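Here the structure is laid out as structure tokens; the discussion comes afterwards.
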Amino acid sequence: MVLRRRNIMHSQQDAAFNDSYIAAHRLDRRKAVIDRFYLTSVTNRAFNEYFGNVTYGCLTEFVNPGEKESFIEFIDGFDGVETEKCFLFKNGNGEYRLNLIKLIAFEGDSVLRNIDIEMLDIDSIVETNYKICDDIARERLVMGLTGEYVFTYSGQSGDIKIVRYEGSTREVRVRMPLDEWREYMADGIVVPEDIIELDNLVNCMKTYMSDFCVKLTTSMRTMGKVNEKVKFIGTIHTKYTGENIVTGRIVLADGVNSMGNIVEVVDELTMDSLTKVYNKKTITEYAAKLVKQDTVDRVSIVILDVDYFKQVNDRYG
Numbered sequence: 001m002v003l004r005r006r007n008i009m010h011s012q013q014d015a016a017f018n019d020s021y022i023a024a025h026r027l028d029r030r031k032a033v034i035d036r037f038y039l040t041s042v043t044n045r046a047f048n049e050y051f052g053n054v055t056y057g058c059l060t061e062f063v064n065p066g067e068k069e070s071f072i073e074f075i076d077g078f079d080g081v082e083t084e085k086c087f088l089f090k091n092g093n094g095e096y097r098l099n100l101i102k103l104i105a106f107e108g109d110s111v112l113r114n115i116d117i118e119m120l121d122i123d124s125i126v127e128t129n130y131k132i133c134d135d136i137a138r139e140r141l142v143m144g145l146t147g148e149y150v151f152t153y154s155g156q157s158g159d160i161k162i163v164r165y166e167g168s169t170r171e172v173r174v175r176m177p178l179d180e181w182r183e184y185m186a187d188g189i190v191v192p193e194d195i196i197e198l199d200n201l202v203n204c205m206k207t208y209m210s211d212f213c214v215k216l217t218t219s220m221r222t223m224g225k226v227n228e229k230v231k232f233i234g235t236i237h238t239k240y241t242g243e244n245i246v247t248g249r250i251v252l253a254d255g256v257n258s259m260g261n262i263v264e265v266v267d268e269l270t271m272d273s274l275t276k277v278y279n280k281k282t283i284t285e286y287a288a289k290l291v292k293q294d295t296v297d298r299v300s301i302v303i304l305d306v307d308y309f310k311q312v313n314d315r316y317g
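Sequential numbering from 1 applies to the sequence shown in the numbering used here.
Quick look at the structure:
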């Protein structure tokens with residue numbers, strides 16, 4: 001049984017790997033060399049796989065019939081200066097998909113009038129972007145980012161940005177220079193007793209402290225209505241551009257929104273068969289226990305929204 005389970009896990013991992021490979025591979029630049037008759041003489045692997053590894057003659061066989069004449073004019077009019085244009089091409093599955101076609105001067109014998117061509121599936125870029133956004137939204141929910149705040153500080157721009165996440169949406173609450181934000185917070189948003197901590201927080205960001213946790217009593221999350229104790233938990237993140245930024249989460253200081261607390265609460269929750277919702281103690285189980293004690297024949301159940309469980313109810317329904 002253990003071996004069978006492992007095999008299932010391996011097959012699922014392989015499937016996930018293959019899906020990821022295919023999704024990424026479709027974004028590869030497909031390269032080829034074409035001649036004056038639109039025949040491909042040299043092609044890379046991505047080019048062949050996109051068209052299903054079929055044996056083909058002219059590249060014009062795969063262009064949408066309504067764009068074939070325009071594509072031929074595009075090739076014939078190439079004067080050696082790099083240029084690009086979008087056309088619909090039929091892939092190996094028979095689907096017409098929008099492709100960006102780039103023509104580049106061939107580095108070789110000019111007598112043959114060969115042209116280097118690159119193709120990029122634009123539709124795949126859009127689909128991959130949607131998939132990435134969907135994965136990000138799912139991770140936010142899993143990591144408990146719903147209804148929470150994330151801050152980012154960039155030394156290059158000098159700006160701080162605070163974003164509120166709600167499910168798959170995000171709302172930018174703050175975007176301004178860090179010094180201006182400090183003055184804004186000090187003007188009644190942070191209690192006077194915590195101004196020193198506010199200055200400490202600003203200093204942690206400006207000096208790019210690797211890890212920090214600063215507590216403030218502030219009304220920033222409630223739009224100035226109610227003060228609450230929050231923690232700015234920050235660290236350093238290196239972007240794909242190489243720029244280092246300060247980023248982190250703003251959570252309640254009592255730990256209600258911390259990941260460890262969420263996991264602990266989830267472990268205590270159980271699906272109630274009567275109400276079909278998750279509760280810390282199942283109502284049905286409690287009622288059944290009373291009946292089994294033979295003290296009563298019928299049980300009337302009254303469900304109260306107790307303040308102690310409000311945070312659980314708000315998060316998990």
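Glycine residues also receive a C-beta, built at the ideal position from the N, C-alpha and C atoms. Keep in mind it's a predicted model, so treat the numbers as computed, not measured.
Apart from sequence neighbours up to five positions away, the residues of its chain that approach K161 with a beta-carbon distance below 6 Å are T152 and R175, ordered along the chain. Annotation for K225: no beta strand (DSSP E) segment contains it, and DSSP assigns it neither H nor E. L103: member of the beta strand (DSSP E) spanning Y96 to A105, first to last residue. Under the three-state reduction of DSSP, F74 is assigned to helix.
Between the region 114-127 and the region 195-208 there are fewer than three inter-stretch CB-CB distances shorter than 8 Å, so the stretches are not counted as touching.
For I115, the enclosing beta strand (DSSP E) begins and ends at I115 to D121. Between K131 and R170, the alpha-carbon positions lie close to 17 Å from each other. Counting of Cβ neighbours within 10 angstroms places S124 among the buried residues, the total reaching 16 or more.
The beta-bridge partner set that DSSP reports for N244 consists of T238.
For C213, the beta-bridge partners assigned by DSSP are I233. Looking at the DSSP output, Y153 bridges to I160 and V246.
Counting along the chain, C58 sits inside no alpha helix (DSSP H), nor does DSSP assign it H or E at all. The three-state secondary structure of S219, taken from DSSP, is coil. R36 sits in coil when the DSSP states are folded into three classes, being neither helix nor strand.
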